[in-house]
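Notes follow once the structure below has been shown.
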Ligand SMILES: Cc1ncc(COP(=O)(O)O)c(C=O)c1O
Ligand SMILES: Cc1ncc(COP(=O)(O)O)c(C=O)c1O
């Protein structure tokens, strides 16, 4: 099958103007940014939110009686409702601000996990998890004498659910699985996994790091117990993200960090905790980045998400078919349901060498293990080249990328 | 003693121009920002560092082969050395990026603390700690069956070290004490406390949240084992800070969060840790704010810190003497060694009412317990009004503040 | 008996006279200073809504299906707030209190100032007043 | 025998011919492609510097107080880097190697590209080469 570069109805040219980085010229060449799964670029409105906060109303939030503090608190507080809407949680009390996906997973492991996981229990992850959704559970297992089990995958990079019933046995006390795998692009059937786990009363955490920037997420529809994501992958700033948890679970969890804000009352004799979500948010929050994350969500709500999503699907399909035409290219991750992420290797060429070649041409891709070493081990490869798209990428960029891949092969695969 | 408003040699007018917030006009009145102990304002260079990063080289750091990622990694990495210099650590490997003071203390409690504190041990804090340097230790004690002991203070808000020898007994396994108390302004004799603790081989964590923005800190001279601070209180952004730890201690500590970056190798069979400091930094770091924190340190190095410090001392002395002249004002915290923080109460007037009155006049102070409830309990008061200065504050602002305090008393203390 | 909506409108009209937060603050302080102190016997822990920066004591009594609130606070400003609430909600039936939407709070333009302490902001006081009303409602059923 | 400094200067002159990172990259790839492969017997775990994105095998032999390095990598670029290092450090005395400051790396303007993978960047390779030199130094004492 040969697709030709088709113009989408989505106005990519207009939208690109919102992202200042996209006009950068590394080595004097137009930037082609295909490293979106690592971090997305930011629209001007997100940058403006930071500037505006620091230039006009920077102050510590809550408890402050003065003008700046109230303005900052109002701007901060309203973001919890925005995040709630973004993933359709049922109340903003279910939203906890964290540094990012990694901290979110660790928070759950340190609170829910420490309280509920015991010797002999198992925790179930999938074969295609990011290190951030493996290592916290390994550490918890190590501490508690529990065991990590793994939902296997096939050669397309799809989870094989045949053994799921077995894995969800009486010992299994928790499931942690990614919505979309960053190394392969696979979109997992998490709704099915969650339903099966729930039929055995096992709670499920969903790693939504890759999902939120591409699909509209509805945590109530998924019925997941926890959901985590990072703002920096969904047009927001670094250093902030959110953990969603069902209120009933959050209420029963012990606190996470100790400090200001998370307490009701402190004395040397004893201390009582504040309500959810504050119980989990000790210390001065990352005020500016929370506000900027709110600006990112406003931006998501400002355009046609379905059209943006279609643009990504078009990019994925077009680039996949073009790569498939190159004999020495092998795509790693060929699941039926995929996000706009293409991992591949080139016969006889090292992935990093290819990545560096593309870099000299102004193309930004990621190479290596993508923090998913077990996935690379499974495929028996040291790493891949990964091109990951966002709606602001264009078919012309894909054409240029394919052209340069061919040159890289000429130079390197000898 | 009556001081008159003296002009300092420090060019406050020039320096104020670096801080955009200082020209805000809440309710049409010039802002008088005396809430610096809660959070400092940011110079333009810090805001510019954020804009510059997000507009020109936003990318995920480390392992990226492309131009933006390398530029971001270089800008990110160099900050570790800047922070090292800022507190004079002996190597940048002793610097761990954390969200702020609160996370730093919790990190030490969760790693060093969990590994080393046992049933029957005691942890020693002081009577004037911020909740962030009490609650993590209470939680650790609760978990381990250990006990929290407290260095007492006198009616001036000074620590009383008479009992220190006793408190540093064989059961005592850790000391956590603030360099400068946020509620009282007291500068504690931490060098002496550290020396005494070390003579019994007990490690000491110093909460430097209030200290770094006012005094030049030298962790090698102090010889503390851990030192934590938040960028947002020292002209930097929210959401970032640093934990210093002696390398030999850090090397032996278990990791903190699990995830990307903190590992050397991951497999489902077992995982090995990366080197210090990366072992403690899981996940995508707060890249932009780390870079902006570096800009804040550059700014500190760009002017005469001794003169800035003198300006703060002048503000403290002048304001203290003016307040002392008002009969119904009682200053809480009258230690010999004080930072530019004045906590006080007004007879017959509620602190919040006074704070709100000042707010109507454009003056930003903090009121309440200042996350130091045990201090308020000790003094038997529900809270204080706190004016805290930074070098960009002026004597004229103090004059206006005193004038408005007198009006507040007329209105409220009836 | 004036309805809750009528009283709200009067308060909205009163506040319309003030342009600035400064004037509104002083007006609320004045109202607070006029509120007659609660008898010591009612200042119990049971009646206390403890907040971070001030405490409120609130109690209610019923007479012929009509509720009356009494309250006090260590903050004059909070006393002013609660006096405003009492102007609206005292001397009303439990039903009317439970159903009151209290739109005046938004309209007098003080929401952010009045809500500034999470624990004992207006919301907590309103909640407590409505809880009293619910209690008396059930008693009368 | 040319000194380390002399060889460094030659390399600096070579690289001065290139204006862009693109040209420099291609030149390093060329050097890498010319490096003769390491015999399989030397590709042991002991000789491996494992990095995140590529592996390097490095070994050294001594002849009359002069060290010679052999190396290989699964990345051509890394092979090019190491070939450059070997051009400078091979056929030198352990003392000269231990003391080499290798300023050329900064001057050819590739520091950031060459240092991009923390674990097996140039630094790790240089460290390993110097460790070999230290080893042979002690052997000779
Ligand atoms: C002495 C002291 N310790 C700890 C903290 C907590 O700092 P942060 O809220 O930035 O984590 C503060 C700030 O309020 C403080 O003043
Ligand atoms: C699937 C997945 N999970 C977790 C993470 C970790 O996110 P962060 O590094 O923002 O904490 C990532 C990002 O790399 C990811 O793609």
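Residue numbers (our numbering), protein chains in the order written: chain A, 1 to 414; chain B, 415 to 828; chain C, 829 to 969; chain D, 970 to 1110. Quick reminder that beta carbons are idealized off the backbone N, C-alpha and C, glycines included.
Quick test of the definition: if touching needs 3 or more C-beta pairs under 8 Å, does the region 797-809 of chain B touch the region 547-555 of chain B?
no
So with CB distances below 8 Å, who are the chain A contacts of residue 762(B)?
Residues of chain A passing the Cβ test: none, with the nearest at roughly 19 Å.
Can you check which of these residues, 51(A), 379(A), 148(A), is closest to residue 683(B) by C-alpha distance?
148(A)
For residue 920(C), which of helix, strand or coil comes out of DSSP?
strand
Which residues have a Cβ closer than 5 Å to any heavy atom of ligand 1, listed in chain order?
283(A), 284(A), 514(B), 515(B), 516(B), 544(B), 546(B), 592(B), 596(B), 621(B), 623(B), 624(B), 644(B)
Three-state secondary structure assigned by DSSP to residue 685(B)
strand
Is the region 739-752 of chain B touching the region 585-602 of chain B in the sense that three or more CB pairs, one from each, lie closer than 8 Å?
yes
Quick one: give me the first and last residue of the beta strand (DSSP E) that residue 900(C) is part of.
894-901
Quick one: what does DSSP say residue 391(A) is sitting in, helix, strand or coil?
coil
Short of 6 Å in beta carbon distance, which residues of its chain neighbour residue 527(B), apart from the five on each side in sequence? Order them along the chain.
554
I need the straight-line Cα distance from residue 484(B) to residue 476(B), nearest angstrom please.
7 Å
Does DSSP put residue 236(A) in a helix, a strand or coil?
coil
With a floor of 3 residues, list each beta strand (DSSP E) that falls wholly inside the region 746-801 of chain B, ordered by position along the chain.
755-760, 780-782
For residue 1088(D), three-class secondary structure by DSSP:
Because the pLDDT at residue 1088(D) is just 46, under 50, the model does not fix this residue reliably, and the value given afterwards should be weighed accordingly. DSSP places residue 1088(D) in coil when its eight states are reduced to three.
Contact residues within the region 677-688 of chain B, judged by C-beta distance below 7 Å to chain A:
677, 679, 680, 681, 682, 685
Along chain D, which residues have their Cβ under 9 Å away from the Cβ of residue 382(A)?
1022, 1023, 1024, 1043
Residue 529(B) touches chain A at which residues, Cβ-Cβ below 8 Å?
Those within 8 Å of residue 529(B) in chain A number zero; the least Cβ separation is about 11 Å.
Test: residue 439(B) CB closer than 8 Å to a CB of chain C
no
From the DSSP output, which residues share a beta bridge with residue 644(B)?
655(B)
Give the interface partners of residue 1095(D) over in chain A, defined as CB-CB distance under 7 Å, in chain order.
Those within 7 Å of residue 1095(D) in chain A number zero; the least Cβ separation is about 19 Å.
So what's residue 915(C) in DSSP terms, helix, strand or just coil?
helix
Alpha carbon to alpha carbon, what distance is there between residue 116(A) and residue 201(A)?
13 Å
Taking only the alpha-carbon atoms, compute the straight-line gap between residue 410(A) and residue 1091(D) and give it to the nearest angstrom.
26 Å
Going straight from the alpha carbon of residue 852(C) to that of residue 843(C), what length do you get?
7 Å
Run through chain B and tell me which residues come within less than 8 Å of residue 99(A), C-beta to C-beta.
513, 653, 697, 700
Distance between residue 219(A) and residue 90(A) (C-alpha atoms, nearest Å)
9 Å
Would you report the Cα separation of residue 225(A) and residue 398(A), rounded to the nearest angstrom?
38 Å
For a contact defined as C-beta to C-beta under 7 Å, what are the partners of residue 138(A) on chain B?
672, 685
Please list, in chain order, the residues of the region 356-376 of chain A that have any C-beta partner in chain D closer than 9 Å.
356, 357, 359, 360, 361, 367, 368, 369
Just to confirm the assignment: which complete alpha helix (DSSP H) runs, minimum length 4, are found wholly within the region 97-144 of chain A?
101-108, 135-144
Give, in chain order, every unbroken run of the alpha helix (DSSP H) that is at least 4 residues long and sits entirely within the region 3-56 of chain A.
12-16, 44-52
Note down, in chain order, each residue of its chain lying with its Cβ closer than 8 Å to the Cβ of residue 1096(D), except the 5 sequence neighbours on either side.
none
Same chain, Cβ closer than 7 Å to residue 18(A), neighbours up to 5 away in sequence not counted:
43, 44
Residues of chain B with a CB under 9 Å from the CB of residue 848(C): which are they?
441, 442, 774
I need the DSSP call for residue 263(A), collapsed to helix, strand or coil.
strand
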